[in-house]
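Heads up, the sequence shown stops at 619 in this note's numbering, and the numbers go up one at a time, no gaps.
For each residue, glycine too, the CB sits at the ideal point set by N, CA and C.
Values in this document were obtained by computation on a predicted structure and should not be read as measured data.
For reference, the structure discussed in these notes is given below.
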Amino acid sequence: MSERLWIKHPIAILTDGAERGIVVDGSRIVALVGRDDPDPQHDDVFDASRHVVLPGLVNTHHHFFQTLTRAHPAAINRELFPWLKALYPLWGDHLDRDSFRLATRLALTELLLSGCTTASDHLFVFPADMPDAVDIEVEEAAKLGMRVALTRGAINLGMTKGGIADERLMQDDDVVLADCERVIGRYHDRRPGAYSTVALAPCAPFNVTREMMCAAAELAEKHDCRLHTHLGETEDENDFCLSRFGMRPLDYLEEVGWLNDHAWLAHGIHFDDAEVARLGRHRVGICHCPTSNMVLASGICRTKELEAAGAIVGLGVDGSASNDSSNMMEAVRHALMIGRLRYDAATVTHLDALRWATEGSAACIGRSDIGRIAVGMEADLALFTLDELRFSGAGDPIAALVLCGAHTADRVMVGGNWRVIDSAPVGVDLARLRHEHGAAARAFLTAL
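Structure follows, in structure tokens:
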């Protein structure tokens, strides 16, 4: 029998009408306790008087395996296409199931510590010894108690056929599609409170064939799952699509059956006004990845115009070889800062950036049961203290998390269970993880 936990008297909480906290019963939030409300029925209390409470953050784009090639000497100070061409061979030569498991574990742990409770990984590299790569991600997420939005990706257009990917990363179409069916059947849970969902995710127009894009759209419709890919990230991508397909990326997306409310796109930077309007009409999701966009000098996502048009805007850290971190609170701060460079200080607020990382991200991956603090929602929560020097003197507690640069949550709850306590992930030996992951990553430097 579940117990009712009163998370009591937070410094601040990102919802209305819960000044004295919330009550969690089992996996869900069952009551908001307002300023003038009587004490709620409860069996236990967590004293949150040192904490600012946010909904669990939702990361909608990552590449977990890339934690093995952060700040890699072959790839630093490059833009997207030359960056990819430098790293593709390293991933093809050195990634195996053991290093992939460690990369996944480390990425998920980093995310969890930053207040992220649900993570989507865009997985498109499947070395020969890990056909079960998606299963490895599920296993590692389960150990941490996190939710995952799995994507079964693919690369099947290499340099010999006009793409930009290394041939070692190719998979045959029948292998890809058969595994898509398997992964959907095993892990796509459509029920509220699910710990795993599945999307189909051919990597990008410049490394996947038209046939694969169409096949993924058909499978997604058949199985009622979502679609994910990179689109509109750089001007180089625009040039590639014009040269190869005779059309811009969004026109190509529509031609292959992806322009709908079941698709969310990573980056979505280089859209013109008419394209922004089309994305809005079709309620397409856009995952804004501000840190990666700055590192690779890709451009600035038109977040406010996309939202105004009706598109869904979420937030992602992107891969740790172009972000070099897996921290969602850092991504929130960067989304605020780069948004103000595009617009102004009044147009993009800290509440906008937090909304993108919670409600917006949840909507991108098709979840209506996470991303908000409200009665009936899953009890996915990130609790931060303001004890560090960086917060001293801060006035607005929620704004302080963004403006002063919160980095590590003190407590994280997923589905009513504490998964981070005193800034430490439950059941994880961080020193051992750092040592083992670092040793695995050294193999990716041997080619230099």
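Inset, instruction - Return the residue from the list R221, G439, V204 and P253 that minimises the CA-CA distance to G451. - result: In terms of CA proximity to G451, G439 leads the group R221, G439, V204 and P253.
Inset, instruction - Give me the Cα-Cα distance between T529 and G566, rounded to the nearest whole angstrom. - result: 23 Å
Inset, instruction - Pick helix, strand or coil for I536, following the three-state DSSP scheme. - result: coil
Legend entry - Whole-angstrom distance between E382 and I536, CA atom to CA atom: 24 Å
Inset, instruction - State whether the region 246-266 contacts the region 560-580, with contact taken as three or more CB pairs (one from each stretch) at a distance under 8 Å. - result: These segments do not touch.
Inset, instruction - Would you check if there are 3 or more beta carbon pairs closer than 8 Å linking the region 262-275 to the region 324-334? - result: Output reads no: the region 324-334 does not touch the region 262-275.
Inset, instruction - Using beta-carbon positions only, say whether T405 and H453 come within less than 8 Å of one another. - result: no
Inset, instruction - Would you tell me roughly how many angstroms separate the C-alpha atoms of H180 and S220, rounded to the nearest one? - result: 5 Å
Legend entry - Alpha carbon of V346 to alpha carbon of L398, nearest angstrom: 18 Å
Legend entry - V319 classed as buried or exposed, judged by whether at least 16 other C-beta atoms fall within 10 angstroms: buried
Inset, instruction - State the DSSP-derived secondary structure class of A325, mapped to helix, strand or coil. - result: strand
Inset, instruction - Evaluate the contact criterion for the region 251-263 versus the region 496-507: three or more CB pairs, one atom per stretch, below 8 Å. - result: no
Inset, instruction - Quick one: using the 10 Å Cβ neighbour count with 16 as the cut-off for buried, is A595 buried or exposed? - result: exposed
Inset, instruction - Alpha carbon to alpha carbon, how far is A577 from F555? Give it in angstroms, no decimals. - result: So the two alpha carbons sit approximately 8 Å from each other.
Legend entry - Nearest-angstrom Cβ-Cβ length linking V484 and H521, presumed shorter than 8 Å: Contact between V484 and H521 fails: their C-beta atoms lie close to 15 Å from each other, not under 8 Å.
Inset, instruction - Check V503 in the structure and name its three-state DSSP category. - result: helix
Legend entry - Delimiting residues of the alpha helix (DSSP H) encompassing L266: Element bounds for L266: n/a, residue is neither H nor E.
Inset, instruction - Express the C-alpha separation of V194 and I544 in angstroms, rounding to a whole number. - result: Approximately 11 Å between the Cα atoms of the pair.
Inset, instruction - Could you give the DSSP three-state label for I307: helix, strand or coil? - result: helix
Legend entry - A336 classed as buried or exposed, judged by whether at least 16 other C-beta atoms fall within 10 angstroms: buried
Legend entry - For R511, the three-state DSSP class (helix, strand or coil): Reduced to three states, the DSSP call for R511 is helix.
Legend entry - Cβ neighbours of A387 in the same chain (closer than 7 Å, five flanking residues each side left out): L371, P373 and L398
Inset, instruction - Jot down the residue ranges of each uninterrupted beta strand (DSSP E) in the region 419-476, minimum 3 residues, whole runs only, in chain order. - result: 434-438 and 456-459
Inset, instruction - Would you mind stating whether P568 and V201 have Cβ atoms separated by less than 8 Å? - result: no
Legend entry - Straight-line gap, R175 to Q212 (C-alpha atoms, nearest Å): 7 Å
Inset, instruction - Within the same chain, show all residues whose beta-carbon is closer than 6 Å to that of L225, passing over the 5 residues directly before and after it, in chain order. - result: L185 and A553
Legend entry - Backbone secondary structure at P363 - three-state DSSP: coil
Inset, instruction - Could you tell me which residues DSSP puts in a beta bridge with L371? - result: R323 and L398
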